[in-house]
Amino acid sequence: MNKELLNNSIVKAITIINCFSNEKPRLRLKDISSLTGINQPTAYRLLTTMKEFNLIEQNDSIYSLGRAFLKYQGIVINSMTIRQVCLPFIEELSTNLKVNVNLAVLDENEVVYVARAETPYCMYGYFHIGMRRPLHCTALGKVLISRQPEKVQDIFKRGVRRYTLNTITSAAEYEKELEKVRLQGYALDLEEWANGVNCIAVPVYGPTEEIVAGISISGPTSHHSVADLTEMIPFLLECANRLSTRLGSSNGAI
Numbered sequence: 001m002n003k004e005l006l007n008n009s010i011v012k013a014i015t016i017i018n019c020f021s022n023e024k025p026r027l028r029l030k031d032i033s034s035l036t037g038i039n040q041p042t043a044y045r046l047l048t049t050m051k052e053f054n055l056i057e058q059n060d061s062i063y064s065l066g067r068a069f070l071k072y073q074g075i076v077i078n079s080m081t082i083r084q085v086c087l088p089f090i091e092e093l094s095t096n097l098k099v100n101v102n103l104a105v106l107d108e109n110e111v112v113y114v115a116r117a118e119t120p121y122c123m124y125g126y127f128h129i130g131m132r133r134p135l136h137c138t139a140l141g142k143v144l145i146s147r148q149p150e151k152v153q154d155i156f157k158r159g160v161r162r163y164t165l166n167t168i169t170s171a172a173e174y175e176k177e178l179e180k181v182r183l184q185g186y187a188l189d190l191e192e193w194a195n196g197v198n199c200i201a202v203p204v205y206g207p208t209e210e211i212v213a214g215i216s217i218s219g220p221t222s223h224h225s226v227a228d229l230t231e232m233i234p235f236l237l238e239c240a241n242r243l244s245t246r247l248g249s250s251n252g253a254i
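Residue numbering for the sequence shown follows full-length UniProt numbering, starting at 1 and increasing by one per position.
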């Protein structure tokens, strides 16, 4: 990188944007200054400028990322090849099983939803492209890092939130869960992310046999019991295997 070509103000603005996260979605000026090393007067000027372009929102003394990122995120995701390739497959699975099917990818330490195939038979849950979820308490998170056990310590070192009584909050327990995922070829989330909601997910592989995405089915426990999800496993795996082949993989097993 040629640092002489970098614009210092833009670098500082990007540094401010990058200090927001799922764990810290709302920050005060002093927090932003502390996290970025940018003095408060400079940070304030940059935040004020970014507010004008909806990159930052302010509520009293609290700052958060602005609505513009929803627009940009949708544009980026819609341009992703993996979404274009996978969408017909999950739409077919959704039609056949009469359930909503999600497609997600890994972005650092989060699950990012890039597509969903919906059915009128299962009108459940709020969804938008670009929605993010934690890795430690979601079926998609488990399959996406099932081959990256080195991430576990990093995730739990940062601290994980207990969303329900079933949420895994121990690194050792989570490592055992990932071992189970590797052996089974699928992951379950049984009311770990939200009470009354179950989910099952399977991995999708790329040309170098790395896990590039995950597909999942989730819904209320009344319609998605463990028995219901178990019946869907062969269909999910078959869809994931065809997807993996389409993406250049020759191996469909974790």
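Think of the CB as a built atom: it goes at the ideal place given N, C-alpha and C, for glycine as much as any other residue.
Of all Cβ atoms in chain C, is any one closer than 9 Å to the Cβ of residue i?
{"i": "S225", "result": "Given the protein chain composition of this structure (a single chain), no chain C is represented."}
So which of the options has the shortest CA-CA distance to residue i?
{"i": "R67", "options": "D60, N18 and K51", "result": "K51"}
{"i": "W193", "options": "A171, V160 and L183", "result": "V160"}
{"i": "A227", "options": "R147, I200 and S94", "result": "I200"}
{"i": "V85", "options": "E57, A115 and I62", "result": "A115"}
{"i": "V152", "options": "L178, I129, L140 and T164", "result": "L178"}
{"i": "M131", "options": "L93, Q148 and F69", "result": "F69"}
{"i": "I17", "options": "D107, N7 and L35", "result": "L35"}
{"i": "V111", "options": "S216, I38, P134 and G248", "result": "P134"}
{"i": "S146", "options": "R242, L188 and Y72", "result": "L188"}
{"i": "S250", "options": "V101, M232 and T208", "result": "T208"}
{"i": "I22", "options": "S218, D107 and N96", "result": "According to the sequence displayed, residue 22 carries Asn and not Ile. Here the closest residue by C-alpha is D107."}
{"i": "C137", "options": "I168, V204, L144 and T119", "result": "I168"}
{"i": "E175", "options": "Q148, S61 and S244", "result": "Q148"}
{"i": "N198", "options": "A139, I215, N7 and F156", "result": "A139"}
In angstroms, rounded to a whole number, what distance separates the CA positions of residue i and residue j?
{"i": "L65", "j": "L55", "result": "6 Å"}
{"i": "N59", "j": "P25", "result": "13 Å"}
{"i": "T81", "j": "G206", "result": "12 Å"}
{"i": "S218", "j": "V99", "result": "8 Å"}
{"i": "residue 282", "j": "L27", "result": "Residue 282 lies beyond the range of the chain shown here (1 to 254); nothing can be said about it."}
{"i": "L97", "j": "E118", "result": "11 Å"}
{"i": "T49", "j": "L103", "result": "35 Å"}
{"i": "E92", "j": "F235", "result": "11 Å"}
{"i": "T95", "j": "H223", "result": "16 Å"}
Starting from residue i, trace the beta strand (DSSP E) in both directions and tell me its first and last residue.
{"i": "E57", "result": "I56 to N59"}
{"i": "L65", "result": "I62 to L65"}
{"i": "I217", "result": "I211 to P220"}
{"i": "L188", "result": "A187 to L190"}
Return the chain-ordered list of same chain residues with a C-beta closer than 8 Å to the C-beta of residue i, the five sequence neighbours on each side being excluded.
{"i": "A253", "result": "Any answer about A253 is weak, because its pLDDT of 48 lies below 50 and its placement is not dependable; what the coordinates show is given next. Within the same chain, A253 has close Cβ partners G185."}
{"i": "L47", "result": "I16, L29, I32, I56, Q58 and Y63"}
On the DSSP letters alone, give me the boundaries of the alpha helix (DSSP H) that residue i sits inside.
{"i": "N8", "result": "N8 to N18"}
{"i": "V204", "result": "Run containing V204: none in the alpha helix (DSSP H); it sits in the beta strand (DSSP E), V197 to Y205."}
{"i": "residue 255", "result": "Residue 255 is absent from the structure shown; the chain starts at 1 and stops at 254."}
{"i": "V99", "result": "Per DSSP, V99 belongs to no alpha helix (DSSP H) and is neither H nor E."}
{"i": "N241", "result": "V226 to R246"}
{"i": "R182", "result": "A171 to Q184"}
{"i": "Y163", "result": "Element bounds for Y163: n/a, residue is neither H nor E."}
{"i": "P41", "result": "Q40 to E52"}
{"i": "residue 319", "result": "As displayed, the chain neither begins before 1 nor continues past 254, which places residue 319 out of reach and without an answer."}
What residues are listed by DSSP as bridge partners for residue i?
{"i": "E108", "result": "The partner list for E108 (beta bridge, DSSP) is empty, contrary to what the question assumes."}
{"i": "R132", "result": "V112"}
{"i": "D31", "result": "None, per the DSSP bridge assignment."}
{"i": "A117", "result": "V101"}
Using C-beta distances below 6 Å, list every residue in its chain close to residue i, excluding the 5 sequence neighbours before and after it, in chain order.
{"i": "E210", "result": "none"}
{"i": "R191", "result": "One point to set straight first is that residue 191 is Glu, not Arg, in the sequence displayed. Here the set comprises T164 and N166."}
{"i": "L237", "result": "V202"}
Please return the same chain residues whose Cβ sits closer than 7 Å to the Cβ of residue i, not counting the five positions on each side in sequence.
{"i": "V181", "result": "K142, V143, S146, A187 and I254"}
{"i": "R246", "result": "V85"}
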